[in-house]
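Those protein sequence lines, which keep their order, are chains S and C.
Residue numbers are given in the numbering used here: position 55 of the first sequence equals residue 49, and the series is strictly consecutive.
To convert, take the position in the second sequence, counting from 1, and add 2; that gives the numbering used here.
Virtual Cβ for every residue (Gly too), placed ideally from N, Cα, C.
A short worksheet on the structure shown next.
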Amino acid sequence: MDPSPIEQPEPARGRTLWARGVTRFFRNRLGLTGLVILLVFAALALLAPVIAPYGVAEVNFSRLRAPPSADHWLGTDELGRDTFTRVVYGARISLTVGLGSVFIALFAGSLLGMLAGFLGGWFDEVVMRVMDAMLSLPFLVLAIALAAILGPNLQNTILAIAIVSTPPFARLTRGQVLSEKERDYVQASAALGARWTRTLLRHILPNILSVIIVQASLATAIAVLAESALSFLGLGVQPPTPSWGSMLNTSRGYLATQPWMAFSPGIAIFLVVLALNLVGDGLRDAFDPRMRPR
Amino acid sequence: MITFALRRLLATVPTLLVVTLLVFGLVRLLPGDPARLMLGESANPQAIAELRTQMGLDRPIMVQYGAWLADVARFDLGRSLVDNASVSRIIGQKLPTTIELSVLSMLVALLLAVPAGTISAVQRGKPLDSAVTIFALTGISMPNFFLGILLIFFFSVQLRWVPASGYVSLMDDPVRNLSLMVLPAITIGVGLGAILTRYLRASLLETLSQDYVRTALAKGVPGLAVIARHALRNAMIPVITAFGLQLGTLLGGAIITEQIFSIPGFGRLLVDAVSTRDLPVIQGVVLVAAMAVFLVSFIVDLLYAAADPRITYT
């Protein structure tokens, strides 16, 4: 009888933890499905000017709220603009905000967490108190308040979501650094006279990076949802820039007569968030066996 | 127990103070003049100067914070810029609606999560487990504003079973109130239920592998009774903790859901305050939301300590 893939012994020699993690990820069918969906949306976002059949702001008053057809695959909106075109361009906004805000949060949060965990003392106390306080503010409530105060545009949406996404990275990284700090290789590095910055960046960081990456993929899903929510409430990217959240909000007024207007942006948000969650779960299973769900 | 509660309460004081500092700083320390933010870019300089004096913005920042904190301690959150009403009073009027929505949503979440999580754990690795896993992933990934719109489309527009939106107080007309609240509660409850299903599955799998479960089964206790009387009871303890920690998700869901279903609650108040740039209301809502999270996590800690005899009150 053939052994199942899970039972096969993993070739450990000559392969790094990273290579083994990547192999494990590519064996995970759900994770791989998520990655394919994500790559499709990334391709749509990158190639939007080539793929989109119409101009993003091309108004056509003779075809207002038209149903899906050969000319307009996903129908048209209240100004006669092609919905497929706007969904494709909307992918740019969602992914830009999702990736942009998480990149900033990852950088800021991980830096603060690493320094807090490694240096300890008053710096740790101050940083973690602030992070704890931010974590006690509900994510969307704080994002809305920040977006309202900063003003609604693309940059401020990224900034608002980045600020509220920072504390989980700081908390996670600090915990990881505290645990790694006690390991022999860190003690050895210090005993050999390495500067603390070198120990932190060259030795500790590579060992905790996988956990940070897993958190980043799950945080991107939350960021994409937050961007859509802010746009839905009119606090994110402003018209005429297409955003899935604002498209969904507009569609509410036509639910009884033109329901398809709601389906395309809604399904797009759902698919991207689902894909990010699948990739996140897959990465967690591949890189962090301790967190693997049973 | 009382000593434990007091110690736990004291431990939250520094973080609570930082929260007040953040909420205060949210309006005062971010780029831009609050008076200009409130009055708009086109306001004349004299009006801005008057508002600055009225708000005490010409005083040192720590003095402003001290005065604001003293007001907050007296439950005085300032006055709305729109109608000069007390912010505490406005929030007090809106909160019961959101609390009702939250309780109903939690009920929906539990009604989904307890059977789904139990079936998933008991049927581990079988088709039903996969079906529940797909439900949980779908529920977590589904934006609540899209789910709300889909529910309105199917149950209000197509089937005409329940009204699409509106609000009637529970005291005025309980039946009408519940018929209006059912779709909003499902909108929030599905996502929450999906998160709890995952927690319950993991917790139940761990409990089912314990010796006392094996002993009960070996003594001939029927499987269903073992799950209901022994395993589920213990598995629910960490789930209840997780449940309490999801209050932030619940409040976030309430903001969107109240907007979609035109429910005049706490979340709608925030969105309305944002559209009218009513900074005292925004500040008040954020502060009350943070306090609610603190209060619930404090209660959950106490419940956890009371429910689990392994935790000592030190």
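Item: Span of the alpha helix (DSSP H) around Asn201/S; Value: Leu199 to Phe226
Item: Beta-carbon neighbours of Gln56/C, restricted to chain S and to distances below 7 Å; Value: Correct list: empty, because the minimum Cβ distance to chain S is about 19 Å.
Item: Contact list for Leu271/C against chain S, beta-carbon separation under 8 Å; Value: Those within 8 Å of Leu271/C in chain S number zero; the least Cβ separation is about 11 Å.
Item: Whole-number beta carbon distance between Asp76/S and Thr244/S, since they are thought to touch under 8 Å; Value: Contact doesn't hold; Cβ gap of about 14 Å is too wide.
Item: Burial state of Asn146/C, where buried means 16 or more other Cβ atoms lie within 10 Å; Value: buried
Item: Entirely enclosed alpha helix (DSSP H) segments - the segment 139 to 187 of chain S, minimum 4 residues; Value: 148 to 175 and 178 to 185
Item: Minimum length 4: unbroken alpha helix (DSSP H) runs contained in the segment 239 to 307 of chain C; Value: 249 to 262 and 268 to 277
Item: Buried versus exposed call for Trp116/S [16 or more other C-beta atoms within 10 Å across all chains shown]; Value: exposed
Item: Proximal residues of chain S, C-beta to C-beta of Ile50/C below 7 Å; Value: What Ile50/C touches in chain S: nothing, since even the nearest Cβ is about 17 Å away.
Item: Cutoff 6 Å; reference Phe112/S; Cβ partners in own chain excluding five residues on either side; Value: Val171 and Leu194
Item: Pair within 8 Å by beta-carbon distance, Ala164/S and Leu106/S; Value: yes
Item: Three-pair Cβ contact test at 8 Å for the segment 45 to 58 of chain C versus the segment 89 to 96 of chain C; Value: no
Item: Within chain S, partners of Phe77/C - CB distance below 8 Å; Value: In chain order: nothing, as chain S lies at least about 19 Å away.
Item: Gly191/C vs Leu249/C beta-carbon contact at 8 Å; Value: no
Item: Helix, strand or coil at Ser88/C according to DSSP, with G and I counted as helix; Value: strand
Item: Reference Gly169/S; option with closest CA among Gly114/S, Leu148/S, Val44/S and Ala217/S; Value: Gly114/S
Item: Pick from Thr243/C, Tyr214/C, Val298/C and Val241/C that is closest to Val228/C, judged by C-alpha positions; Value: Tyr214/C
Item: Rounded separation between Ala111/C and Thr90/S - CA only; Value: 32 Å
Item: Counterpart residues of Arg81/C in DSSP-defined beta bridges; Value: Ser88/C
Item: Cutoff 8 Å: Leu277/S Cβ touching any chain C Cβ; Value: no
Item: Inter-stretch contact (C-beta, 8 Å, three-pair minimum) for the segment 197 to 216 of chain S and the segment 114 to 127 of chain C; Value: no
Item: CB contact flag (Pro62/S, Trp238/S, <8 Å); Value: no
Item: is_contact[Gln248/C, chain S] using C-beta, thresh 8 Å; Value: no
Item: Closer than 8 Å to chain S by CB, Phe137/C; Value: no
Item: Three-state class that DSSP yields for Asp76/S in the structure shown; Value: strand
Item: Nearest-angstrom Cα separation, counted from Asp275/S out to Arg126/C; Value: 18 Å
Item: Close Cβ partners of Trp190/S (< 6 Å) along its chain, the five nearest in sequence each way excluded; Value: none
Item: Residues bridged to Thr27/S [DSSP beta-bridge criterion]; Value: Note: Thr27/S sits in no beta bridge, so no partner.
Item: Cutoff 8 Å; reference Phe226/S; Cβ partners in own chain excluding five residues on either side; Value: Gly239, Ser240, Leu242 and Asn243
Item: With 16 other Cβ atoms within 10 Å as the buried cut-off, status of Gln56/C; Value: exposed
Item: Secondary structure of Thr235/S, DSSP reduced to three states; Value: coil
Item: Contact list for Gln261/C against chain S, beta-carbon separation under 7 Å; Value: Leu227
Item: Endpoints, the alpha helix (DSSP H) within which Met183/C is located; Value: Pro176 to Leu210
Item: CB contact below 8 Å: Ile188/C versus chain S; Value: no
Item: For Gly68/C and Asp35/C, the rounded distance between their alpha carbons; Value: 19 Å
Item: Assigned secondary structure, Ala70/S (DSSP; H/G/I helix, E/B strand, else coil); Value: Before going on, a small fix: residue 70/S reads as Thr here, not Ala. Note: Thr70/S maps to strand in three-state DSSP.
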